[in-house]
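Chemist: Mind looking over this structure? Questions follow.
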Amino acid sequence: MSKTLTGLTPNDIPLRLRTKCGEENMKTNNPLPTALSTFMFCYDADIEDLKKSRWRTKVHKTESDFFTRKELARLKLTIAMLDLREQAILFFLVSSGCRISELAALTLEDIDLDKRTASVSRKGERKWMVPISEECAALLEEYLDARTNDSPSLFLDKQGHRITPEGIYRIARKVGKRAMLVMRFSPHLLRRIFVADLLARRAELIFVGKKLVKKTPTTPEHTPIRC
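Read in UniProt numbering, the sequence shown has 182 at position 182, and its numbers run on one by one without any break.
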């Protein structure tokens with residue numbers, strides 16, 4: 001076959017496969033994987049701008065798909081045994097979908113408990129108003145009432161300094177080990193659960209994209225299935 005890539009017709013690829021592999025090879029004669037492989041080649045080579053919204057529809061996960069019932073029960077029990085600060089951090093992550101760097105950067109002025117919102121600095125130094133759940137707001141209020149440090153930072157480490165992303169990660173890993181989870185428990189997993197919950201409730205893809213600060217709803221990053 002001496003044609004250029006742009007000169008190919010729909011019949012050229014299956015004809016080439018039949019010539020090379022014969023008629024009996026069912027896997028190579030299956031048009032779907034052949035077409036997908038061709039599309040992926042073009043996409044990787046920047047030959048064609050393919051939108052993922054045109055691809056096969058995915059069935060998005062719900063919270064129960066990430067853990068078994070026993071794991072979920074152990075996880076909830078483990079989180080309930082944490083101190084107020086650690087509980088508030090984990091609930092904020094799963095309630096807001098924030099990254100750990102965004103959470104670590106929050107100040108007291110960024111939180112409005114009456115409106116249950118947080119002003120989050122995200123990519124490009126943009127500020128986004130992110131809603132939080134009632135349970136998260138209640139934990140934050142209780143945590144702030146019990147806190148004696150006058151630091152402007154929202155979450156502090158045990159030494160009274162602004163918590164770091166590494167510190168948040170260690171809290172999540174500690175919970176995963178105590179709950180004996182098979183799946184690696186991390187702040188990023190909480191972000192996946194947040195996205196899965198939105199999609200399970202049939203949220204619009206554009207709304208999900210705005211919540212996660214993607215430039216377009218087709219940006220192929222951080223989906224519940226392929227994170």
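We treat Cβ as the ideally placed atom computed from N, Cα and C, and that holds for glycine.
#1: Using beta-carbon positions only, say whether Leu90 and Glu142 come within less than 9 Å of one another.
#2: Going by alpha carbons, who is nearest to Arg116 out of Ala105, Glu134, Arg184?
#3: Inspect the beta-carbon positions of Pro152 and Thr107 and report whether they are closer than 9 Å.
#4: Which class does Leu156 belong to by DSSP, given the choice of helix, strand or coil?
#5: Can you name, in chain order, every residue of its own chain whose Cβ lies under 6 Å from the Cβ of Ala88, other than the five neighbours on each side?
#6: Give me whichever residues DSSP pairs with Met81 in a beta bridge.
#7: Using the Cα positions of Arg99 and Lys3, report the straight-line distance between them to the nearest angstrom.
#8: Between which two residues does the alpha helix (DSSP H) carrying Ser101 extend?
#9: Mind checking Trp55: buried by the 16 CB within 10 Å criterion, or exposed?
#10: From what residue to what residue does the alpha helix (DSSP H) around Val175 run?
#11: For Leu72, which of Gly176, Glu86, Thr19, Lys158 has the nearest alpha-carbon?
#12: Quick one: does Pro187 have its CB under 9 Å from some CB of chain C?
#13: Taking only runs that begin and end inside the segment 122-148, name each unbroken beta strand (DSSP E) of 3 or more residues, in chain order.
#14: Buried or exposed for Pro187, please, with buried defined as at least 16 other CB atoms from any protein chain shown within 10 angstroms of its CB.
#15: Verify whether the separation of the beta carbon atoms of Asn149 and Gly160 is less than 9 Å.
#16: Find out if the Cβ-Cβ distance for the pair Ile163, Ala104 is shorter than 9 Å.
#17: To the nearest angstrom, report how far apart Gly97 and Arg191 are at their CA atoms.
#18: May I ask you to report which of helix, strand or coil DSSP gives Arg162?
#19: Leu75: which of Leu8, Phe185, Phe92, Ser101 sits nearest, CA to CA?
#20: Can you grab the Cα-Cα spacing for the pair Leu8 / Asp112, in whole Å?
#21: In this structure, what does DSSP give as the bridge partners for Thr107?
#22: Within the same chain, show all residues whose beta-carbon is closer than 7 Å to that of Tyr169, passing over the 5 residues directly before and after it, in chain order.
Modeler: The relevant details are as follows:
#1: Indexing the sequence shown from 1 puts residue 90 at position 90. Indexing the sequence shown from 1 puts residue 142 at position 142. Against a cut-off of 9 Å, the Cβ pair of Glu142 and Leu90 comes out as no contact.
#2: Residue mapping note: residue 116 aligns to position 116 of the sequence shown, counting from 1. When only C-alpha atoms are compared, the closest one is Glu134.
#3: As a first step, residue 152 is located in the sequence shown; it is residue number 152 there, counting from the start. As a first step, residue 107 is located in the sequence shown; it is residue number 107 there, counting from the start. Between Pro152 and Thr107, the C-beta spacing is below 9 Å.
#4: Working through the sequence shown from its first residue, we reach residue 156 at position 156. Note: Leu156 maps to strand in three-state DSSP.
#5: Along the sequence shown, one-based indexing puts residue 88 at 88. The residues are Leu139, Leu140, Tyr143.
#6: Position 81 of the sequence shown, counting from 1, holds the residue named residue 81. BP columns for Met81 are empty, so no partner.
#7: For the purposes of this step, residue 99 is taken as the residue at position 99 of the sequence shown. For the purposes of this step, residue 3 is taken as the residue at position 3 of the sequence shown. For Arg99 and Lys3, the distance between alpha carbons rounds to 48 Å.
#8: Counting from 1 along the sequence shown, the entry for residue 101 is found at position 101. Its alpha helix (DSSP H) spans residues 100-104.
#9: Position 55 of the sequence shown, counting from 1, holds the residue named residue 55. Note that Trp55 scores 46 on pLDDT, short of 50, meaning its location in the model is unreliable and no value can be drawn from it.
#10: The sequence position of residue 175 within the sequence shown is 175, counting from 1. From DSSP, the alpha helix (DSSP H) with Val175 extends over 165-178.
#11: The residue labelled residue 72 in the question sits at position 72 within the sequence shown. Comparing Cα positions, the closest option is Gly176.
#12: In the displayed structure, chain C is absent; only one protein chain is listed.
#13: Fully enclosed beta strand (DSSP E) runs of 3 or longer: 126-131.
#14: The residue given as residue 187 occupies position 187 in the sequence shown. Buried.
#15: Taking the sequence shown and counting its residues from 1, one reaches residue 149 at position 149. Taking the sequence shown and counting its residues from 1, one reaches residue 160 at position 160. It is a contact, given that the beta carbons lie within the stated cut-off.
#16: Numbered from its first residue, the sequence shown carries residue 163 at position 163. Numbered from its first residue, the sequence shown carries residue 104 at position 104. A contact, by the Cβ cut-off of 9 Å.
#17: Stepping through the sequence shown from its first residue, residue 97 is reached at position 97. Stepping through the sequence shown from its first residue, residue 191 is reached at position 191. Whole-angstrom Cα-Cα distance: 5 Å.
#18: Within the sequence shown, numbered from 1, the residue matching residue 162 stands at position 162. Three-state result, Arg162: strand.
#19: As a position in the sequence shown, residue 75 is number 75, starting the count at 1. With respect to the C-alpha of Leu75, the residue from Leu8, Phe185, Phe92, Ser101 having the closest C-alpha is Phe185.
#20: Along the sequence shown, read from residue 1 onward, the residue named residue 8 stands at position 8. Along the sequence shown, read from residue 1 onward, the residue named residue 112 stands at position 112. In a straight line, the C-alpha of Leu8 is about 58 Å away from that of Asp112.
#21: As a position in the sequence shown, residue 107 is number 107, starting the count at 1. In the DSSP output, where bridge partners are listed per residue, Thr107 has Ser153.
#22: As a first step, residue 169 must be located in the sequence shown, where it is residue number 169. Excluding residues within five positions, the ones whose Cβ falls inside 7 Å are Ile100, Ser186, Pro187.
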